[in-house]
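Chains as they are written, first to last, in full-length UniProt numbering: chain A, 1 to 209; chain B, 1 to 265.
To start, the structure itself, in structure tokens.
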Amino acid sequence: MVQKKKKKKRLDNMTLLLIPLAVAINMVAYNVLYSTTMVILGDSIGTILVGAVCGPFPGAIVGILSNLVNVIKNPVMIVMMPLNALFGIAAGTLARRRIFTSFWKTVICTPIFGFIGGWLSGSIIFLAMGGDFWGNLASVVIGIPLFRAGVPKYFAMAVGQLLFDCIDKIVCLILVFLIIRSLPDRFLIKLPYGKYVTTKQYREEDIEF
Amino acid sequence: MTEEQFVDSFRKYQKKGNWWCDFHPVAKMVTCLSLGFMCLIVFRWQVGLIIFLLAGGIAFLTPVWKKYFKMIGIMFLLGCVFTVIVRLYVHMGDPGPVAFYLFGKSVPVAAIISCLDLIFMIEGFLGIFLVFFMTTEMRDLCCCLEQLGMSSTVTFMVLSTFSSITSIKEKLNRVRESQRARGIETEGNLFVKVKSILPVLFPVIISSMTGIEDKTLAMDARAFAADGVHTSLRKIQPAKRSEKTVAVVAVIVSILGCVAGKLFL
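See the structure below:
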């Protein structure tokens with residue numbers, strides 16, 4: 001019983017330290033990826049990663065904290081807070097179903113994250129901006145041309161956002177998968193959801209914390 | 001600073017010698033948050049402009065004014081100009097009173113007002129938040145919040161986030177330099193830059209994550225999870241009556257401003 005309690009505390013501390021690190025990863029990945037590609041944001045890598053290895057709740061906290069930090073740079077991010085939290089929850093839920101153990105399973109999940117990050121975020125911005133386009137690349141490249149072609153404004157915006165976000169999320173998911181595969185198993189199994197993302201079989205009593 | 005002066009600096013309240021920088025962090029946060037949200041909720045250029053000017057005025061009276069105006073200027077150019085172009089492009093040729101003609105097409109007055117609303121919403125919100133973050137030390141804010149009853153775990157996460165961002169950025173630069181020394185090109189055209197992303201990003205993320213184990217041990221050694229009230233090295237002066245009044249007035253003004261703005265603007 002004493003041993004069990006001690007184990008729980010240790011795991012909590014690791015999660016507690018991973019959360020700020022994941023927020024920092026989100027920021028650094030955004031700076032590196034977006035400044036180079038202008039299409040891939042990469043600002044949800046840390047959220048999905050922590051969601052996958054620590055569970056939905058820590059993932060949601062990372063999402064909320066990331067958005068709070070990003071508010072300093074872009075105030076519109078404050079309305080996106082629930083969505084970034086949803087990334088963490090979705091990643092945790094999928095990890096429990098052992099999605100992150102296979103490359104193809106991970107890639108197939110792209111539309112789920114694309115829908116959250118593209119369609120839902122687009123809808124929120126659409127409402128927050130008084131039913132108008134936001135000045136981002138998805139609007140300029142896809143949304144506005146579709147609108148000019150006669151597609152209703154909301155659908156034109158949502159389709160543009162969805163397509164652009166799917167590109168971003170597929171890269172993020174592949175990177176998260178590669179990061180998980182690169183992490184040593186002895187590290188992963190100490191994390192709350194580590195057993196769901198590693199292919200190695202082990203007995204709980206064999207692990208020394 | 002001698003060792004004695006350094007030790008003495010923690011025996012008294014932390015002061016910077018500027019009225020706004022020395023304003024109680026929580027009172028300052030409440031003031032800035034309420035004004036910022038008023039800007040966001042009302043979404044009219046008149047309100048945004050007032051908050052933006054107020055933030056500029058406050059920033060001008062602090063030592064960070066140069067940095068503030070440089071940053072707000074960059075944000076204005078990058079974010080708002082792009083948004084204005086998109087909005088004008090979308091609304092070009094729409095019916096309604098014409099403001100001017102662009103490339104032979106009419107730009108309605110409504111489009112200009114919509115642009116102004118968006119610009120000053122962003123600038124007002126951003127301005128007041130920048131003033132807050134540039135003049136407040138996070139450790140002081142977290143210390144005050146902890147005194148008010150916030151969990152030490154939450155304040156640790158917030159503080160740790162800011163320190164992690166700084167350390168991971170330093171690590172990124174170090175890894176970039178190391179990879180360059182190993183012959184991986186990190187500067188050049190787009191293709192070269194894209195190719196260099198993985199060799200730079202991966203070591204940073206993996207090494208930071210695996211380093212967590214050592215930090216966990218260090219936290220346990222310092223009894224982080226032990227029950228009891230956490231101690232703090234820095235002392236923050238309790239909020240004065242005037243500071244509390246400013247915060248309360250800001251909240252009342254914001255609520256009234258939101259109602260009035262939605263009804264009359």
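Glycine included, each C-beta is placed from N, C-alpha and C at the ideal position.
None of these values were measured; they are calculated from a predicted model.
The three-state secondary structure of A99(B), taken from DSSP, is strand.
G124(B) places its beta carbon 8 Å or farther from that of V109(B). Sequence-distant Cβ neighbours of G261(B) in its own chain, meaning closer than 7 Å and more than five residues away, are V42, R44 and V47.
For the C-beta of L40(B), the chain A residues within less than 8 Å are, from N- to C-terminus, P75 and I78. Linking F133(B) to R181(A) through their CA atoms gives a straight-line distance of about 38 Å.
Its chain contains Y196 as the residues whose beta carbon lies nearer than 7 Å to that of R98(A), once the 5 sequence neighbours on both sides are disregarded; these appear in chain order.
With fewer than three CB-CB distances shorter than 8 Å, the stretch 5 to 14 of chain B does not count as touching the stretch 73 to 88 of chain B.
In this structure, I205(B) is the residue among M150(B), V194(B), I205(B) and F156(B) with its C-alpha nearest to the C-alpha of V175(B). Taking one beta carbon from each stretch, the stretch 241 to 258 of chain B and the stretch 24 to 40 of chain B have 3 or more pairs nearer than 8 Å; the two touch. Under the 8 Å criterion on CB atoms, S182(A) is classed as interfacial with respect to chain B. Classified as buried, V158(B) has 16 or more neighbouring CB atoms from the shown chains inside 10 Å of its CB. Residue-level contact by beta carbon holds for Y89(B) and chain A, with a gap shorter than 8 Å. Put simply, of F133(A), N74(A), S102(A) and A29(A) the residue whose alpha carbon is nearest the alpha carbon of L198(B) is A29(A). Identification of chain A residues near S164(B) by a Cβ-Cβ cut-off of 8 Å yields P20, L21, V23 and A24, ordered along the chain. Going by beta carbons, F113(A) and A90(A) fall inside the 8 Å limit.
Under the 8 Å criterion on CB atoms, D140(B) is classed as non-interfacial with respect to chain A. CA-CA distance, C166(A) to D140(B), rounds to 41 Å.
For the 8 Å CB-CB criterion, P58(A) and I116(A) do not form a contact.
Nearest CB-CB separation between E137(B) and chain A: not below the 8 Å threshold. The C-beta of L33(A) comes closer than 8 Å to at least one C-beta of chain B.
Proximity of the stretch 137 to 153 of chain B to the stretch 44 to 61 of chain A falls short of the contact definition, fewer than three beta-carbon pairs being nearer than 8 Å. A check of alpha carbon separations from M121(B) across C39(B), K15(B), A181(B) and M1(B) identifies C39(B) as the nearest. In the three-state reduction of the DSSP assignment, S139(A) falls in the helix class. Only those residues of the stretch 144 to 173 of chain B whose C-beta falls short of 9 Å from the nearest C-beta of chain A are listed: T153, F156, M157, V158, L159, S160, T161, F162, S163, S164, I165, T166, S167, I168, K169, K171 and L172. Within the stretch 39 to 60 of chain A, not one residue has a Cβ closer than 7 Å to any Cβ of chain B. F177(A) has its alpha-carbon roughly 50 Å from the corresponding atom of E243(B). Burial check for I72(B): the Cβ neighbour count within 10 Å reaches 16 or more, so the residue is buried.
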